[in-house]
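Asks:
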Ligand code: SF4
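Residue numbers (my numbering): 1067 to 1431.
#1: Under a criterion of Cβ closer than 5 Å to any non-hydrogen atom of the ligand SF4, which residues qualify, in chain order?
#2: How is the alpha helix (DSSP H) around residue 1106 delimited, first residue to last?
#3: What does the Cβ neighbour count give for residue 1158, buried or exposed, with the cut at 16 atoms within 10 Å?
#4: Helix, strand or coil: how does DSSP classify residue 1383 here?
#5: For residue 1065, count neighbouring Cβ atoms within 10 angstroms of its own Cβ and tell me buried if that reaches 16, exposed if not.
#6: Quick check on residue 1192: buried or exposed, where buried means 16 or more other Cβ atoms within 10 Å of its Cβ?
#7: Please go through the region 1188-1263 and give each complete alpha helix (DSSP H) segment of 4 or more residues, from N-terminal end onward.
#8: Please list the segments of the beta strand (DSSP E) lying wholly inside the region 1348-1378, counting only runs of 3 or more residues, in order along the chain.
#9: Is it buried or exposed, residue 1245, if we count other Cβ atoms within 10 angstroms and call 16 or more buried?
#10: Select from 1243, 1238 and 1183 the residue whose C-alpha is nearest the C-alpha of residue 1231.
#11: Using a threshold of 8 Å, state whether the C-beta atoms of residue 1406 and residue 1398 are closer than that.
#12: Give me the residue from 1345, 1333 and 1403 with the minimum Cα distance to residue 1357.
#13: Would you kindly work out how many angstroms separate the C-alpha atoms of residue 1084 and residue 1144, rounded to a whole number?
#14: Could you round the C-beta distance between residue 1325 and residue 1284 to whole angstroms and report it? I think they count as a contact, below 8 Å.
#15: Distance, Cα to Cα, residue 1385 vs residue 1205?
#16: Should the region 1134-1152 be regarded as contacting the region 1215-1225, the criterion being three or more beta carbon pairs within less than 8 Å?
#17: What residues match up with residue 1274 in a beta bridge as DSSP calls it?
#18: Residue 1305: buried (16+ other C-beta within 10 angstroms of its C-beta) or exposed?
#19: With DSSP collapsed to three states, give me the class of residue 1401.
#20: Among the candidates 1314, 1112, 1227 and 1287, whose CA atom is the shortest distance from the CA of residue 1334?
#21: Report yes if the C-beta distance between residue 1289 and residue 1255 is below 8 Å; otherwise report no.
#22: Where does residue 1115 sit, in a helix, a strand or coil, going by DSSP?
#23: Residue 1084 bridges to which residues according to DSSP?
#24: Tell me whether the region 1302-1316 and the region 1350-1367 touch, counting them as touching only if at least three CB pairs, one residue from each stretch, are closer than 8 Å.
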């Protein structure tokens, strides 16, 4: 494993007034109109922010000095500062640690898979949902990310990839935090990703992953953004799910199946049920049979994810490789649903959400 490489010192950010990052084209137009500038200035700003990934207003050299000065008096670019990057030696993934303007930190992961370059972005600092198998849960909830801070992670990863003449092709909101509990910022960031050249990532290549917040699923469906939805299931009985994921006290598996059906009815896309396989916890053949049966009740896909135990102390273990295949076969025996095993890319760089943060702050690192 490569050492954690400090990249650049955290930058001082301007006072937290209007953040340009996260503004949509009509909002940029309204801003330049208020400032008495011509509409084409909004297109220039948009290009600097999203296509050229400018980090500060002063670097926008084709804008007049007076416009830049006035803009800097009203607004800032609240972009996260890339503090560390770690790449696994197998070339499967890279992990990024960002420092936010207020000193908080979040992580993102870039996953290499053939020609696909998937950026896994965080939506909150920490998470309040307390899933027992998750490193981020240990932080607790600290604060929501802004749309600009979500987009900023994507832009920084894009800068790194551009040096290799590559670009981000897919986005999953599956890093730190529960995206559906920060819906306003998440929806805005998705709109920017879809609409604005630069990120330019279509809805079909964006996936929102939820621990199973049912009202949020209904809301996302009606936002008509045409994004994919992944629901972390992780158990086939409500009793076990409540032990692993406290949110299951609020929403049962039946509720999740109903929400998945609703999502399909409104958006026309099958949801993916994610199932983190933990040895001796949820990987029995009875679990496999129940998972297969559940999956037949709604239009869906299944994704089995062997637990990622690297990087921090955890009581959970990854099942043996032969058992993972046996579990998958047992699911397939009762269900025709497409079932994939997605190994946790970048196990060597602690790719499960929250692990790099934990290592970075732990004296035992
Ligand atoms: S798994 Fe996701 S929802 Fe659960 S605590 Fe971790 S970040 Fe939050």
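Yeah, the Cβ is synthetic: ideal placement off N, Cα and C, and Gly gets one too.
Replies: According to the data block:
#1: 1193, 1195, 1197, 1200, 1202, 1203, 1244 and 1277
#2: Element bounds for residue 1106: 1106-1112.
#3: Residue 1158 should be labelled buried.
#4: DSSP, reduced to helix, strand and coil, places residue 1383 outside both helices and strands of the structure shown, so it counts as coil.
#5: The structure shown does not extend to residue 1065, since the chain is modelled only from 1067 to 1431, so the question has no answer here.
#6: buried
#7: 1213-1228 and 1249-1261
#8: 1366-1372
#9: buried
#10: 1183
#11: no
#12: 1403
#13: 9 Å
#14: 7 Å
#15: 26 Å
#16: yes
#17: Partner(s): 1239 and 1295.
#18: exposed
#19: coil
#20: 1287
#21: No, these two residues do not count as a Cβ contact at 8 Å.
#22: helix
#23: Residue 1084 is bridged by DSSP to 1141.
#24: yes
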